[in-house]
Amino acid sequence: MSEFVKKTIVGYKDVPGGSSDPDCTHVILTLNEYKKIVRERDEAIRTVGIERQNADRQMNEEKNNAAYQIRQVRDQAVKEIAEMQGALAQAQKDAAYQRHLNENLLRISRERANADRGLKPKKEHTGYVVMNMQEKKLQRKNSRGYYTITLWETVLQSPYSVDFTEEQARYQIHEDLMQHEDGKEWALSRIGICEKPDPKFCDPFEYNEIMENENVLVRYQLRANYQARRGEKTGFWDIILVHQKPIPQVPKDMRP
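FYI, full-length UniProt numbering numbers position 139 of the sequence shown as 139, with every residue one higher than the one before it.
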């Protein structure tokens, strides 16, 4: 059993108050008690060491796992990016091939259409022909009653046969005639029709300087003409142009 003592000149002297006695300076243990304390201390040190090792090992495992997952994600991302780049490159290659193929098919189709209609030179001719032009009267009512203006309607035959769908014909005609590229003459300017301006300046019933001085395109629409003329194998898509003034002179190569 432990003894609570006070150290004196001649040795150790028990104190009556035990561990709470203010004169207590030492505790005398039995050998077994001492061994038990040492054992418990060593066990505690060992336990702390084991827990620290376990914590370090777990931390290292988590770090390794995180690093592995990061590598996996990175490798997968690199693989997917490479696959996407490969697919994109192939798609671009296919698109370029398809575009080239379509351009060739369109060129062949236009040349055949030109040959059927006797348009020369068949390889260079745009394939667009002015079929007719006529006056078009439009009326509008105002506070004073009805008033009439005169516009002109021109039918332009395209090189695209009625075998083309409406969507295909509309797209190709728009690409041929309605696109305005920098540095290039607008296609319809060959027949004296200027580019359609901003819609707010394009009301034929409203006077403005642009429409007074220019032959402005007011609107256009498509028509599938299934009546093939003599010598033609099929009908063609027409584009009907409504514009401000008559065409002054149709170029000879654009006449049927």
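Idealized CB from N, CA, C, for every residue including glycine. Since we're looking at a predicted model, the values are computed, not measured.
Cα-Cα separation, residue 46 to residue 61: 22 Å
Boundaries of the beta strand (DSSP E) in which residue 124 is found, first to last residue: Where residue 124 is concerned, there is no enclosing beta strand (DSSP E), given that its DSSP letter is neither H nor E.
Between the CA atoms of residue 4 and residue 28 - distance to the nearest angstrom: 6 Å
Complete beta strand (DSSP E) runs within the stretch 5 to 34 (minimum length 3 residues, chain order): 11 to 14, 26 to 28
Collapsed DSSP secondary structure at residue 133 in the structure displayed: strand
Residue 88 in three-state terms, based on DSSP: helix
Buried versus exposed call for residue 174 [16 or more other C-beta atoms within 10 Å across all chains shown]: exposed
CA nearest to the CA of residue 250, picked from 59, 120, 1, 192: 192
Uninterrupted alpha helix (DSSP H) stretches inside the stretch 208 to 252 (no shorter than 4 residues): 209 to 213
Inter-residue CB distance, residue 151 and residue 136 (contact presumed, cutoff 8 Å): 5 Å
Contact check, residue 156 vs residue 239, beta carbons under 8 Å: yes
For residue 47, the three-state DSSP class (helix, strand or coil): helix
Sub-8 Å separation of residue 129 and residue 235 beta-carbons: no
Residue 187 burial status per 10 Å Cβ neighbour count (16 or more: buried): buried
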